[in-house]
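**Student:** Numbers given in the UniProt record's numbering equal positions in the sequence shown, counted from 1, plus 146. Heads up, the beta-carbon is just placed ideally off N, CA and C, and yes, glycines get one too. Pasting a structure below so you can have a look.
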Amino acid sequence: ATPTAVMVGTGVGANNGVLIKGGDALERAQMVKYVIFDKTGTLTQGKASVTSAKVFTGMQRGEFLTLVASAEASSEHPLAKAVLAYARHFHFFDDSSATTENDVKSGWLFDVTDFSALPGRGVQCSIKGRHILVGNRMLMLENDIDISKEVENFVAELEQKAQTGILVSYDNILIGALGVADPLKREASVVIKGLQKMGVIPVMVTGDNWRTANAVAKEVGIQDVRAEVMPAGKADIVRSFQNDGSIVAMVGDGINDSPALAAADIGMAIGAGTDVAIEAANFVLMRNNLEDVITAIHLSRKTFDRIR
Ligand code: ADP
Ligand code: MG
């Protein structure tokens, strides 16, 4: 294609909400063989909400929720925001305009010390001089927290429904769990089918657990799933698909996805995603609509005269 054609292609992309950074990525997109999708915030809406919460000890429900919310208050994770909103609603019966800052000022959250976020696992901190962990199974296993049959059953049931289970330990005892749902984007299944029709193989990669990942993949129609992947592992997965010379696109929105976006032949960031992801990508999907993954591939084929 001539430089003019690339310029025209880039302009057509911009008019359709697909920002293209550089003609090289536009040229590579026509030959893409695998499109690897992040789950949370990419295939799903990224608007998580708590569907259920269960206390497994004698602790009052209100105290349990305030403990969990206090631990999550310093986390940026979508799951943390869902927990805060749920606990706030329980506390005030109204979550209208409260912000984290107001929460602390109005004094309903407990004081937290020694907070740290553990990527791919959850958070930990101290409250009232006791250690609290909020996160997934792996976090509990690493800290030798015993998961009873009752807790395991509660979480497994959530995961079968494509929800994510959050476990909570306090003073080394598992005190409760919450279920969080994050619905698929409306266009997700249609886009997966469309890619398959074009001869492109969709793959899903996530830090979430296998059961939830498999349930979401089944719902959206993806056969190849990689779950319980630590942030650094996503880029390794991209490289493993490139091993035989295949052209690989990665679609993601999170800080966790940026190494994988950079490693891919074509990195596509969701416009509503984090700045780090947008910087690492070659394409930015400004409408946050997955149909634009297909738009971008078509545009490349058209620009480089490879319409099939
Ligand atoms: P993804 O790849 O789907 O975007 P992440 O790598 O961000 O997922 O997180 C992986 C898993 O780690 C989550 O599914 C959750 O179980 C756990 N996790 C991470 N951060 C938190 C948090 N702030 N609160 C609870 N759980 C968390
Ligand atoms: Mg994500």
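Report all residues from its chain with a CB closer than 8 Å to the CB of residue 305; omit the five preceding and five following residues, and keep chain order.
**Tutor:** Along the sequence shown, read from residue 1 onward, the residue named residue 305 stands at position 159. For residue 305, where only same-chain residues beyond five positions count, the Cβ hits under 8 Å are 311, 355, 357, 358 and 361.
**Student:** Going by other Cβ atoms of all chains shown within 10 Å of its Cβ, with 16 needed for buried, is residue 399 buried or exposed?
**Tutor:** Working through the sequence shown from its first residue, we reach residue 399 at position 253. Buried, because 16 or more other Cβ atoms sit within 10 Å of the Cβ of residue 399.
**Student:** Mind checking whether the beta-carbon of residue 400 lies closer than 6 Å to any heavy atom of the ligand MG?
**Tutor:** Stepping through the sequence shown from its first residue, residue 400 is reached at position 254. Yes, Cβ of residue 400 sits closer than 6 Å to a heavy atom of the ligand MG.
**Student:** Start and end of the alpha helix (DSSP H) containing residue 424?
**Tutor:** Reading the sequence shown from its first residue, position 278 is the one you call residue 424. Residue 424 -> alpha helix (DSSP H) spans 421-426.
**Student:** May I ask whether a heavy atom of the ligand MG can be found less than 6 Å away from the beta carbon of residue 345?
**Tutor:** Stepping through the sequence shown from its first residue, residue 345 is reached at position 199. Result no, Cβ not under 6 Å from the ligand MG.
**Student:** Helix, strand or coil for residue 433 per DSSP?
**Tutor:** Mapped onto the sequence shown, residue 433 falls at position 287. Correct three-state label for residue 433: coil.
**Student:** Could you tell me the alpha carbon to alpha carbon distance between residue 321 and residue 328, rounded to whole angstroms?
**Tutor:** The count along the sequence shown starts at 1 and reaches residue 321 at position 175. The count along the sequence shown starts at 1 and reaches residue 328 at position 182. Spanning the two alpha carbons is a distance of roughly 24 Å.
**Student:** Relative to the ligand MG, is the shortest distance from any of its heavy atoms to the C-beta of residue 275 smaller than 6 Å?
**Tutor:** Start at 1 with the first residue of the sequence shown, and residue 275 comes out as number 129. No.
**Student:** Would you list, in sequence order, the uninterrupted alpha helix (DSSP H) runs of no fewer than 4 residues that lie entirely inside the segment 352-420?
**Tutor:** Runs of the alpha helix (DSSP H) inside the segment 352-420: 356-366, 379-388 and 404-409.
**Student:** If you measure between the beta carbons of residue 278 and residue 316, is that distance less than 7 Å?
**Tutor:** Numbered from its first residue, the sequence shown carries residue 278 at position 132. Numbered from its first residue, the sequence shown carries residue 316 at position 170. Yes, the Cβ-Cβ distance between residue 278 and residue 316 is below 7 Å.
**Student:** For the ligand MG, any of its heavy atoms closer than 6 Å to the Cβ of residue 353?
**Tutor:** Translated into positions along the sequence shown, residue 353 becomes position 207. No, the ligand MG has no heavy atom inside 6 Å of this Cβ.
**Student:** Could you have a look at residue 223 and say whether DSSP puts it in helix, strand or coil?
**Tutor:** Here residue 223 refers to the residue found at position 77 of the sequence shown. Correct three-state label for residue 223: coil.
**Student:** Less than 8 Å between C-beta atoms, sequence neighbours within five positions excluded: which residues of the same chain meet that for residue 208?
**Tutor:** Working through the sequence shown from its first residue, we reach residue 208 at position 62. For residue 208, where only same-chain residues beyond five positions count, the Cβ hits under 8 Å are 236 and 237.
**Student:** So, is residue 319 buried or exposed, given that buried needs 16 or more other C-beta atoms within 10 angstroms?
**Tutor:** What you label residue 319 is simply residue 173 of the sequence shown in a count that begins at 1. With fewer than 16 other Cβ atoms within 10 Å, it is exposed.
**Student:** Say whether the segment 206-220 touches the segment 271-290, bearing in mind that this needs 3 or more beta-carbon pairs closer than 8 Å, one atom from each stretch.
**Tutor:** Touching, per the Cβ criterion.
**Student:** Excluding the five sequence neighbours on either side, which residues of its own chain have a C-beta within less than 6 Å of the C-beta of residue 454, listed in chain order?
**Tutor:** In the sequence shown, the residue the question calls residue 454 occupies position 308. Only weak support is given to the placement of residue 454: the predicted model assigns it a pLDDT of 45, under 50, and the value that follows is read from those uncertain coordinates. Around residue 454: no qualifying Cβ.
**Student:** Just checking, does the segment 172-185 make contact with the segment 339-352 on the three C-beta pairs under 8 Å criterion?
**Tutor:** Yes: at least three Cβ pairs fall under 8 Å.
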